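The block underneath contains the structure these notes are about, expressed in structure tokens.
There are 2 protein chains.
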Amino acid sequence: MLEHFFSPGTVAVVGASREEGKVGHDLLRNLVTYGYKGKVYPVNPKADNILGIKTYASLREINDTIDLAVIVVPAPHVLAVVDECHYKGIDSIIVISAGFKESGIDGASRERDLLRKIKQHSIRMIGPNCLGLIDTQSALNASFAADMPAQGSIAFISQSGALCTSVLDWAVDECIGFSKFISMGNKTDIDEVDLIQVLDSDGQTKVILGYLEGVNNGMAFMHAAQKITKKKPMIIVKSGGTMAGARAASSHTGTLAGAENAFDTAFKQSGVLRAKTVEELFDYARIFGQQPLPKGPRIALITNAGGPGIIAADAVERSKLEMAALSKNTIDLLRSSLPPMANVYNPVDVLGDAKADRYKFVAETVAADPNVDIVLVILTPQTMTEIEKTAEVICEISNCAGKTVVTSFMGGKRIKNSLKIMCQRKVPNYPFPERAVSAIEAMYRYTLWQKKPIPEMKEMNMQKEQVVPVFEKVRQTGRQDLGEDEAKQVISVYGFKIPRSILATSETEAAEAAEEIGYPVVAKISSPDILHKSDFGGVIVGIKNASEMRRVFCDMTQKSRRLLPSAEIKGVLVQQMITGGKEVILGMSRDPQFGPLLMFGLGGIYIEVLKDVTFRIAPIGLHEAEEMVREIRSFPLLQGVRGERPVDINALTDGIVRISQLVTDFPEIMEMDINPLMVFPDGGGTMAIDARLTITQAGAS
Amino acid sequence: MLEHFFSPGTVAVVGASREEGKVGHDLLRNLVTYGYKGKVYPVNPKADNILGIKTYASLREINDTIDLAVIVVPAPHVLAVVDECHYKGIDSIIVISAGFKESGIDGASRERDLLRKIKQHSIRMIGPNCLGLIDTQSALNASFAADMPAQGSIAFISQSGALCTSVLDWAVDECIGFSKFISMGNKTDIDEVDLIQVLDSDGQTKVILGYLEGVNNGMAFMHAAQKITKKKPMIIVKSGGTMAGARAASSHTGTLAGAENAFDTAFKQSGVLRAKTVEELFDYARIFGQQPLPKGPRIALITNAGGPGIIAADAVERSKLEMAALSKNTIDLLRSSLPPMANVYNPVDVLGDAKADRYKFVAETVAADPNVDIVLVILTPQTMTEIEKTAEVICEISNCAGKTVVTSFMGGKRIKNSLKIMCQRKVPNYPFPERAVSAIEAMYRYTLWQKKPIPEMKEMNMQKEQVVPVFEKVRQTGRQDLGEDEAKQVISVYGFKIPRSILATSETEAAEAAEEIGYPVVAKISSPDILHKSDFGGVIVGIKNASEMRRVFCDMTQKSRRLLPSAEIKGVLVQQMITGGKEVILGMSRDPQFGPLLMFGLGGIYIEVLKDVTFRIAPIGLHEAEEMVREIRSFPLLQGVRGERPVDINALTDGIVRISQLVTDFPEIMEMDINPLMVFPDGGGTMAIDARLTITQAGAS
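Keeping their order, the protein sequence lines are chains A and B. Note that our numbering gives residue 584 to position 584 of the first sequence, counting from 1, and the numbers run on in steps of one. Adding 1000 to a residue's 1-based position in the second sequence gives its number in our numbering.
Structure representation (structure tokens):
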């Protein structure tokens, strides 16, 4: 896939330059400096040769097939070069040149023309406005970066070219190697989805890293990532989050959703580890690139200093990892061989005077313990410490142990050499134990994801066709928001129970309706124009008799007409009063990137204040629905506190799956809330007390 | 204060050794290597001279006054040496030797003897079991560390000697200088409180850093820190937190309090910045040591790369800082001078081809903008970037601007030299912009603390003497837990309103009581042995008439007798039923370190599940009580959502202050809860529906 980008036999550089420091020069120099075996053809009408290489006036003059063209001419000339590429039969181009979407309206228009042209010519393109790419396997450095990284198992894709330059410079220092290194630029054609699929099938790549500010196609990204992460870890920094303004939303779910929650949810559901910072990105990358996955969460700490041991143990306690309980055999062995002052329990304190042999004995013993999945070796450079020698013995153990072995040698100058040793021998070192624990935890979370079964989706058999006329009627009346009765009609098709209710258009009708339903009842103003009814006094509960019912009818309709004179008032909905359950909210807001974002949370006013909600991207199965229910902070309230009976969790998860199917079946549903959904004690099922639903304008779906 | 420790005229090393690598050797070498001007006397009965210095068989033989003795003999000989010190009139000793409390029961006993002896001789001591101390001003290195740090303005005190060795090694590399560097060891005599007071009055020290696993005297620590932090920042890593087991507690407050909350609260109330990791400790230290405090939260970002600019802006949005809105003047100046593609709004993008002159112009212009308090300069090493030269111009601007200037030069090898330049010229650089923003934010939080007025404590005039007999009665009956009626009696003395209630010992009395109070009423089992009444069906609300009241009396007393046969059942408390307010909890748990830890939160079951509570150490004033109320997540519920009236915040804060005074007046109160305290809509005051209170055993206070 896209092989001409990564192992081309021939590369042309259109816009190669004689002038050092110019992008067209540096790029050519990079192509010929690092051992790339293919042929390189500089193109520049004003030069005979550059860097001693014969230079051509145009692509047409090259008497050879060109696999990859790297274009560095000024933006206004790029389109003409693309035509030349087409003439030469070139199918792969990298456009380095800036001056497109990122530079304003003219650039954006130029970028649209560029995209049209390459589509027309069936040319694939990376860029424009990028640093280029590096493939260490084919020794191809088709970038204007100042460095060539070492070979390694980490692939990096970046939406920021400048970040690439920093990362490369830093990686050389930290002795981090890469398989492929790709600056994506404006992602006009080839984007993150194309590239992660390339990296998926790339034998050199063990870990996929990315810096993203957004994704072109959220659903395609999730779909691809879900498959890839079962084989290879993907770790991504997503920035630009907090800047995104909230879009106007008429539902609670819409208000609470937002792009950042969508990204978090999409990453979580597709097994992508989200790093909070670039530093964390590489902290994680190193352990994944260098160490085997842990078989479990049990970590043993070995230290020559109490303080750092406590610091590390604290970090473990805060993480999903567990302090390993060393086996009796291990403890006996350690006790019989270590000085009496040493602590033979986890964290094992080998004492400040430990030399390499003592570290070796302890690390071997602990790594062999069946109760231990992970070993973290901490070293402080004390007077007697044999720093390099200790690094060497740990590396030996790491290579044989078959367990995850990580170090935290803490210091500066005196530990420099030992860091080189560990780097070369693939034991990741972290300057502070907290960072080591955080990286190990990320790796452990990834193992949980790998083991997690692929969610089963079972499509339920619903009478979809009964929903269609409801939506049609709404569209016919030029609305997008369904009335409460319409929304309830839709969800009842999908299996939600709703309270008995009768629409009354007069005091007398209201009293009759209440009589039929049985007191006490609830009255709600019925108007497609009033969404937040309770804000307008449009909900009255606990109406006990006919005279009260009549008065409520009058008050409510009058008040609504006065406060919202333009609203269409259909009457008052008289409703069975439901008590004895717990209120939750089920909702959905359609994210422009990732599609239907489901939300679940405890209902009532707490949802707005405490924002204790959780999200998934539909469709989801029962297992994921259950995860949603369990992961809100207030889940214990649903389980019942102080002797209360638990609510009907099965009915609740079933309801979430039904909503998932509804919003999947009808892409025209933009937002919806069932709020509150009343959940009754175990076995009692649920009842949707109120619902609202918004669809796209007629024809928009 | 303690000047013999830091600038002694003469130092004796008792246990000096000829053998390289031994502590007694390294320590002596350190004393004579780094330019210390005082006299050094090695003491070793088996040597004539060590390192060419005349050596004495014992302290007595030295014909000079000794200001400081550093003791490195094996633990069993330390006490004898202390006697010698007394004989020589030495008032200051550092005991390096291990083999005390940290080594088990025998060591602990030896440590007690050591403490007794130094108290008896009026000797002050650092250690035992420590690395020693360094004072760069007097060039005294009385430690066995492998390095001598540069002079600087950072003081470091550490409860871990090994951490000191790592920090020193790393600091040399990072070109961080220290004023004083003290390993506290077991803190048997001199502890953190003594040392922060020394550092407070030390002219060289601008920032106080610490690594603590605990404090010897919490209240003294807070008291000292509160004063010091108004002048100098204190930044502390406190570890060992998560390991602390929860102690048994009978109140909600006791259950939720815990040592970690006490530390967090104490640090917050005394202006101490708590760093989460050692890395963060030094990230913070550098900015405090090198830059002026910001005048406000408004930060301007300057970058030569879009991606890192977005990363930094994201971090700013998540922090308490604000993105500065550049003035029109600045924007015009930038626009007229920068290339058209540059972004002249914040973050200012100087573009990838920016050389030092462009950085200089932009940084100067932005730093001069009155809308800017802080400047963060981001640099990625691109082809045209003049890295060192840019570092130099930023340093120049930093020295003149009078504003907080920080950099994030991102990279490895290529930025090395620039880091040295900035280090020497006191511009702190952070390898990733997120860490820069986090350090700046810490500094900004510190400025808020400095500006915050010292809380006013106003003692209210309470009838304390009315409480005394209640406690006496409880003690006389061999109890620690007060009954509900007793607890309410106590709090009503301190101004809390309580519902009308009558203790009924028979069905008939219960019905009569209810009649007198007025239906509906609440019934509660009355027993000093039942604390969580509702767990035993011991609270029934909404009793409507006499027959119901009689039935409840029988059911409740029978059920309690059956479930808790040993409990003393005093009868049933018939109580006025209070509705229409919001339930909150006020409580206190006495922390062994820091004393009375007040707690406030939203009441009911949400407190246990959501743990949305906040703490302060008493005594506090009205302002702090108000802070407590406002800082819980669910505060908006108290303000009223969806048209509800807000609760009586003034009455609530007044209640918190009254509890603060109660627990300060009576140190025998170990734990208490007012739960729920009902807070009525604005102006309506509060009412304590239930209360519990536990005091120390007779005489224990």
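Glycine is no exception: its CB is placed at the ideal position from the N, C-alpha and C atoms. Fair warning: this is a prediction, and the values are worked out from it, not measured in the lab.
Of all alpha-carbon atoms in B:I1502, B:K1180, B:S1527 and B:E1507, the one lying nearest the alpha-carbon of B:E1516 is that of B:I1502.
Under DSSP, B:T1303 forms a beta bridge with B:D1349 and B:I1378. According to the DSSP assignment, B:V1372 belongs to no beta strand (DSSP E), since it is labelled neither H nor E. The beta carbon of A:L28 is closer than 8 Å to those of V13, A16, S17, V40, P42, I50, L51 and I53 in its chain, skipping five residues each way along the sequence. The DSSP-derived three-state label of B:S1007 is coil. For A:K328, the enclosing alpha helix (DSSP H) has its first and last residue at K328 to S337. In this structure, B:P1381 lies near B:I1415, with their beta-carbon atoms less than 8 Å apart. Of all alpha-carbon atoms in B:E1396, B:I1387 and B:A1325, the one lying nearest the alpha-carbon of B:D1373 is that of B:A1325. Interface flag for A:T508 against chain B is unset, since no Cβ pair is found closer than 8 Å. B:A1567 and B:S1527 have their C-alpha atoms some 7 Å from each other. Contact between the segment 1312-1320 of chain B and the segment 1254-1271 of chain B is absent: fewer than three C-beta pairs spanning the two stretches fall below 8 Å. Contact between the segment 398-417 of chain A and the segment 455-472 of chain A is absent, with fewer than three C-beta pairs closer than 8 Å. Secondary structure of B:I1196 (DSSP, three-state): helix. Secondary structure note for A:L321: it is in no alpha helix (DSSP H), with a DSSP letter that is neither H nor E. Taking every protein chain shown into account, the CB of A:Y87 has fewer than 16 other CB atoms within 10 angstroms, so this residue is exposed. Within chain A, no C-beta atom comes nearer than 7 Å to that of B:Q1697; the closest sits roughly 30 Å away.
In this model, A:S327 and A:A367 are separated by some 11 Å (Cα to Cα). Under the rule that a run must span 4 or more residues, the alpha helix (DSSP H) segments found entirely inside the segment 1386-1428 of chain B read 1387-1401 and 1416-1424. Per DSSP, reduced to three states, the secondary structure at B:F1432 is coil, with no helix or strand assignment. Taken atom to atom, the span from the alpha-carbon of A:A305 to that of B:F1288 is near 28 Å.
Measuring C-alpha to C-alpha distances from A:E192 to each of A:I617, A:M222 and A:E671 identifies A:M222 as the nearest. Cβ proximity to chain B below 7 Å picks out R633, S634, P636, L637, V641, R642 and G643 from the segment 633-649 of chain A. B:A1325 carries a coil assignment under DSSP once its states are collapsed to helix, strand and coil. Contact with chain A is absent for B:F1267, since none of that chain's Cβ atoms lies less than 8 Å from the residue's Cβ.
Residue-level contact check: B:M1341 touches chain A, since one or more beta carbons of chain A fall below 8 Å from its beta carbon. Contacts with chain A (Cβ-Cβ distance below 9 Å) from the segment 1426-1442 of chain B involve P1431, F1432, P1433, E1434 and R1435, listed in chain order. Closer than 8 Å at the C-beta level to chain B, one finds these residues of the segment 170-189 of chain A: W170, A171, V172, D173 and E174. Annotation for B:L1652: the continuous alpha helix (DSSP H) segment containing it runs I1649 to D1665. In the structure shown, A:R561 falls within a helical segment according to DSSP collapsed to helix, strand and coil. In the structure shown, B:T1229 falls within a coil segment according to DSSP collapsed to helix, strand and coil.
For B:D1283, there is no enclosing beta strand (DSSP E); the residue is found in the alpha helix (DSSP H) stretching over V1278 to Q1290. For B:A1262, the enclosing alpha helix (DSSP H) starts and ends at G1258 to Q1269. Closer than 7 Å at the C-beta level to chain B, one finds these residues of the segment 306-319 of chain A: G306, G307, P308, I310, I311, A313, D314, E317 and R318. Closer than 8 Å to the CB of B:N1030 there is not a single CB belonging to chain A.
Collapsing the DSSP output to three states places A:D673 in a strand. Taken in chain order, the members of the segment 1402-1418 of chain B whose beta-carbon sits within less than 9 Å of a beta-carbon on chain A are F1409, M1410, G1411, G1412, K1413, R1414, I1415 and K1416.
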